[in-house]
Amino acid sequence: MILKKKLLYVSFILVALSFSISPTFANPPDSGPVRQSENTKLKNGINVILDLDPSSLLTAIQIWISVGSVDEDETNSGISHFIEHTIFKGTKTKTQKEIAPEIEKYGGIINAATSKDYTFFYTLITSSNSLKALEILSDVVLNPEFPEQEVEKERQVVIEEIKRKDDNPQSQLFEEFYSQVYRESPYASRVIGNEDIILGLKRVDLLAFHNKFYTSNNIFVVVTGNFDRDKVLELVEKYFGGLQKGKKPKNKLLMYRPKYKKEHAKKIIKRDVAQGYVIMGFPAASINSDEQYSLDLASYILGAGRACRLNKRLVEQSKLALSVSCSFSSKKGPGLFNVYGVCDPEKAPELSNRILLELLDLSINLVSEEELNRAKTLLLRDKLYERQTPDGRAGELGFYMVLGNGAISEDYVSKVKEVKAKDIKKVISKYLVFPNMPTVIMTP
Numbered sequence: 081m082i083l084k085k086k087l088l089y090v091s092f093i094l095v096a097l098s099f100s101i102s103p104t105f106a107n108p109p110d111s112g113p114v115r116q117s118e119n120t121k122l123k124n125g126i127n128v129i130l131d132l133d134p135s136s137l138l139t140a141i142q143i144w145i146s147v148g149s150v151d152e153d154e155t156n157s158g159i160s161h162f163i164e165h166t167i168f169k170g171t172k173t174k175t176q177k178e179i180a181p182e183i184e185k186y187g188g189i190i191n192a193a194t195s196k197d198y199t200f201f202y203t204l205i206t207s208s209n210s211l212k213a214l215e216i217l218s219d220v221v222l223n224p225e226f227p228e229q230e231v232e233k234e235r236q237v238v239i240e241e242i243k244r245k246d247d248n249p250q251s252q253l254f255e256e257f258y259s260q261v262y263r264e265s266p267y268a269s270r271v272i273g274n275e276d277i278i279l280g281l282k283r284v285d286l287l288a289f290h291n292k293f294y295t296s297n298n299i300f301v302v303v304t305g306n307f308d309r310d311k312v313l314e315l316v317e318k319y320f321g322g323l324q325k326g327k328k329p330k331n332k333l334l335m336y337r338p339k340y341k342k343e344h345a346k347k348i349i350k351r352d353v354a355q356g357y358v359i360m361g362f363p364a365a366s367i368n369s370d371e372q373y374s375l376d377l378a379s380y381i382l383g384a385g386r387a388c389r390l391n392k393r394l395v396e397q398s399k400l401a402l403s404v405s406c407s408f409s410s411k412k413g414p415g416l417f418n419v420y421g422v423c424d425p426e427k428a429p430e431l432s433n434r435i436l437l438e439l440l441d442l443s444i445n446l447v448s449e450e451e452l453n454r455a456k457t458l459l460l461r462d463k464l465y466e467r468q469t470p471d472g473r474a475g476e477l478g479f480y481m482v483l484g485n486g487a488i489s490e491d492y493v494s495k496v497k498e499v500k501a502k503d504i505k506k507v508i509s510k511y512l513v514f515p516n517m518p519t520v521i522m523t524p
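Using our numbering, you'd call the opening residue of the sequence shown number 81 and step up by one each time.
#1: Would the region 439–453 and the region 394–401 be scored as touching if the rule is three or more Cβ pairs under 8 Å?
#2: Run through DSSP, which three-state label would Y357 get?
#3: Take S195 and list the residues in its own chain whose beta-carbon comes closer than 7 Å to its own, dropping the five residues that flank it on each side.
#4: Quick one: what does DSSP say L439 is sitting in, helix, strand or coil?
#5: Just how far apart, CA to CA, sit A365 and Y492?
#6: Is DSSP giving T104 helix, strand or coil here?
#7: At a Cβ threshold of 8 Å, is V220 touching chain C?
#8: Locate the alpha helix (DSSP H) running through A501, then write down its first and last residues.
#9: Would you mind working out which of P181, G158 and L477 sits nearest L286, comparing C-alpha positions?
#10: Answer with buried or exposed for G415, where buried requires no fewer than 16 other C-beta atoms within 10 angstroms of its C-beta.
#11: Does the region 367–381 come within contact of the region 293–309, defined as at least 3 CB pairs closer than 8 Å?
#12: Is the Cβ-Cβ distance between I239 and I143 less than 8 Å?
#13: Compare the Cα-Cα distances from I508 to each of G486, P363 and E430 and report the closest residue.
#14: With DSSP run on the structure shown, which of helix, strand or coil describes Q229?
#15: Provide the residue span of the alpha helix (DSSP H) that contains T203, from first to last.
#16: Looking only at its own chain, which residues have a Cβ that is under 7 Å from the Cβ of K212, when we skip the five neighbours before and after it?
#17: Have a look at D133 and I183 and give me their C-alpha separation to the nearest angstrom.
#18: The ligand SAH heavy atoms versus the CB of K497: any closer than 7 Å?
#19: Quick one: using the 10 Å Cβ neighbour count with 16 as the cut-off for buried, is S208 buried or exposed?
#20: On the DSSP letters alone, give me the boundaries of the beta strand (DSSP E) that L400 sits inside.
#21: According to DSSP, simplified to helix, strand and coil, what is Q372?
#22: Mapping the DSSP letters down to three states, classify P224 as helix, strand or coil.
#23: How long is the line joining the alpha carbons of E154 and F168, rounded to whole angstroms?
#24: Would you decide whether P266 is buried or exposed? Buried here means 16 or more other CB atoms lie within 10 Å of its CB.
#25: Does DSSP put P363 in a helix, in a strand, or in coil?
#26: Tell me, which residues are paired with V543 by DSSP?
#27: I'd like to confirm the pairing. Which residues does DSSP put opposite F300 in its beta bridges?
#28: Assuming L214 and L315 are in contact, meaning their beta carbons sit under 8 Å apart, how far apart are those beta carbons, in whole angstroms?
#29: To which residues of the same chain is T171 closer than 7 Å at the C-beta, ignoring the five residues directly before and after it?
#30: For G421, which residues from the same chain have a beta carbon less than 6 Å from its beta carbon, with the 5 sequence-adjacent residues on both sides left out?
#31: Do K427 and G356 have their C-beta atoms closer together than 8 Å?
#32: Would you call the region 305–312 in contact with the region 275–284, where contact means no fewer than 3 C-beta pairs closer than 8 Å?
#33: Using beta-carbon positions only, say whether M360 and P524 come within less than 8 Å of one another.
#34: When we look at the beta-carbon of P515 and count the other beta-carbons within 10 Å, is it buried (16 or more) or exposed?
#35: Would you mind working out which of D471, L323 and L483 sits nearest N306, comparing C-alpha positions?
#36: Can you check which of these residues, D151, Q324, G385 and Q229, is closest to S269 by C-alpha distance?
What follows is the structure, given as structure tokens:
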């Protein structure tokens, strides 16, 4: 009887939610002209992606490596990130002072980032100095010296970064959430690693990992903006053409679909915070599935802009949340669909329940054409903004290539426009974890 009452209550809420009024939106616009990028493969397998824009005053150069924290194990967790830190400290021909300061002298920036799926290195510079920047960045990525003294300095920098994250409630919240969603998967591990492991890593470990994975079959070179195409290709061949093939990381994540038990579904963390935080979600489609377009749109229907469902219903109407957002993150393996909310501490349990009901609604009832068009408009607007700068365009091209589906960049707009209301319902119904959805709540 109690179960029937609960189901009737849920049904009532879902029917009520389905009658919410959505604003009227025009048909979604194009995301602007898409230049046909040129994809060249060197004889040793390195992919070179060129996207020339003669009107730009800048050139973006990015080198993407298909290796990240998912390719590590319990003996070297955090090594990808550690290498990212130490790689700028000198090469076989350049000192540290001849790298970042040299780029800055020409008005550019140089930096790097590490993810669970990849590591990438980038520079943005005035077009007249693009060839010099390509030479420096290539040398940094391919020929790091990892000087002992600099490794020790960066070890302390990384350990301090780990301590800051451990002291940061938001970092704890998201790391615990990843552990809940991706239990027994490499995605559950921290990109930054753990202090004990970082303390034990030696220069020889960094060199061995670099030699193993920074190879021709794992590297993607992306150049966008204004540049001399022929000279860039000539230099890429010069710097990268002699690189040997190596070990390609195995994708152990494609079939990941855990069973979530009730006792593991919801975790409550007590921390010294002023507000309540709720994050919940589930693993979904990988980068190679067309379902990702429906998932992107579902996240916009729920969480993009002031007129989205979650803001209207949970912030403005019910006053349950102070803010709420939703996102879908594409990955080599199962992507992550999640909802994140901030609220008064005493409202956190109820907020998590209402978020679950909103997701159930999306899996049962068709969204209106107005809502769908609104989501498409906002999503394609953001794609347009992303493509307006050389570094934004390079980031898009490199991201999809390193994850294994470079065609997305050219097909994204048409694929999004093809999505129907029934596709949204179908994809959420397929991946939604109910009732034991991974949830983490943090309160004082």
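Every residue, glycine too, gets a C-beta built ideally from N, C-alpha and C.
If we stick to the structure as given:
#1: no
#2: Position 277 of the sequence shown holds residue 357. In the structure shown, Y357 sits in a strand (DSSP, three-state: E or B).
#3: Here residue 195 refers to the residue found at position 115 of the sequence shown. Answer for S195: G148 and V271, listed in chain order.
#4: Position 359 of the sequence shown holds residue 439. DSSP places L439 in helix when its eight states are reduced to three.
#5: For the purposes of this step, residue 365 is taken as the residue at position 285 of the sequence shown. For the purposes of this step, residue 492 is taken as the residue at position 412 of the sequence shown. Taking the straight line joining both Cα atoms gives about 16 Å.
#6: Counting from one through the sequence shown, the residue named residue 104 turns up at place 24. With a pLDDT of 41 at T104, under the threshold of 50, the modelled position of this residue cannot be trusted; read the value that follows with caution. Coil at T104, not helix or strand.
#7: In the structure shown, chain C cannot be found, because there is only a single protein chain.
#8: Counting from one through the sequence shown, the residue named residue 501 turns up at place 421. That run of the alpha helix (DSSP H) goes A501 to Y511.
#9: Residue mapping note: residue 286 aligns to position 206 of the sequence shown, counting from 1. If we check each option's Cα against that of L286, G158 comes out closest.
#10: For the purposes of this step, residue 415 is taken as residue 335 along the sequence shown, with counting starting at 1. That one is buried.
#11: no
#12: The residue labelled residue 239 in the question sits at position 159 within the sequence shown. The residue labelled residue 143 in the question sits at position 63 within the sequence shown. For I239 and I143, no; Cβs fall outside 8 Å.
#13: Residue numbering aside, residue 508 sits at position 428 when the sequence shown is read from its first letter. Cα-wise, what sits closest to I508 is P363.
#14: As a position in the sequence shown, residue 229 is number 149, starting the count at 1. Helix.
#15: As a working note, residue 203 is residue 123 in the sequence shown. T203 -> not in any alpha helix (DSSP H); beta strand (DSSP E) instead, spanning T199 to T206.
#16: Position 132 of the sequence shown, counted from the first residue, corresponds to residue 212. Cβ neighbours of K212 beyond the five flanking positions: Y186.
#17: Numbered from its first residue, the sequence shown carries residue 133 at position 53. Numbered from its first residue, the sequence shown carries residue 183 at position 103. Near 22 Å, if we compare the C-alpha coordinates of I183 and D133.
#18: In the structure on display, the ligand SAH does not appear, and there are no ligands present to speak of.
#19: Sequence index remark: in the sequence shown, residue 208 carries index 128 (1-based). Label assigned to S208: exposed.
#20: Counting from 1 along the sequence shown, the entry for residue 400 is found at position 320. Looking at the DSSP string, L400 is not in any beta strand (DSSP E), and its letter there is neither H nor E.
#21: Counting from 1 along the sequence shown, the entry for residue 372 is found at position 292. In this structure, Q372 counts as helix in the three-state DSSP scheme.
#22: Taking the first residue of the sequence shown as position 1, residue 224 is located at position 144. DSSP places P224 in strand when its eight states are reduced to three.
#23: Counted from its first residue, the sequence shown places residue 154 at position 74. Counted from its first residue, the sequence shown places residue 168 at position 88. Going by the C-alpha atoms only, they are around 26 Å apart.
#24: Counting from 1 along the sequence shown, the entry for residue 266 is found at position 186. The residue is buried, with at least 16 neighbouring Cβ atoms inside 10 Å.
#25: Looking up residue 363 in the sequence shown gives position 283. In the structure shown, P363 sits in a strand (DSSP, three-state: E or B).
#26: Since the first residue shown for the chain is 81 and the last is 524, residue 543 is missing from the structure and cannot be characterised.
#27: As a working note, residue 300 is residue 220 in the sequence shown. DSSP lists N127 and W144 as partners of F300.
#28: Taking the sequence shown and counting its residues from 1, the one referred to as residue 214 is at position 134. Taking the sequence shown and counting its residues from 1, the one referred to as residue 315 is at position 235. With a Cβ gap of about 6 Å, L214 and L315 count as contacting.
#29: In the sequence shown, residue 171 corresponds to position 91, counting from 1. If we look at T171 and ignore the five residues flanking it on each side, its Cβ neighbours are D219, V220, N223, P224 and E225.
#30: Here residue 421 corresponds to residue number 341 of the sequence shown, with the count starting at 1. V358, A401, V404 and L431, listed in sequence order.
#31: Translated into the one-based positions of the sequence shown, residue 427 becomes position 347. Translated into the one-based positions of the sequence shown, residue 356 becomes position 276. In this structure, G356 lies closer than 8 Å to K427 by Cβ.
#32: no
#33: The count along the sequence shown starts at 1 and reaches residue 360 at position 280. The count along the sequence shown starts at 1 and reaches residue 524 at position 444. Contact: no.
#34: Against the sequence shown, residue 515 aligns to sequence position 435. P515 comes out exposed.
#35: By one-based count along the sequence shown, residue 306 stands at place 226. The option with the nearest alpha carbon to N306 is D471.
#36: Position 189 of the sequence shown holds residue 269. Answer by Cα proximity: D151.
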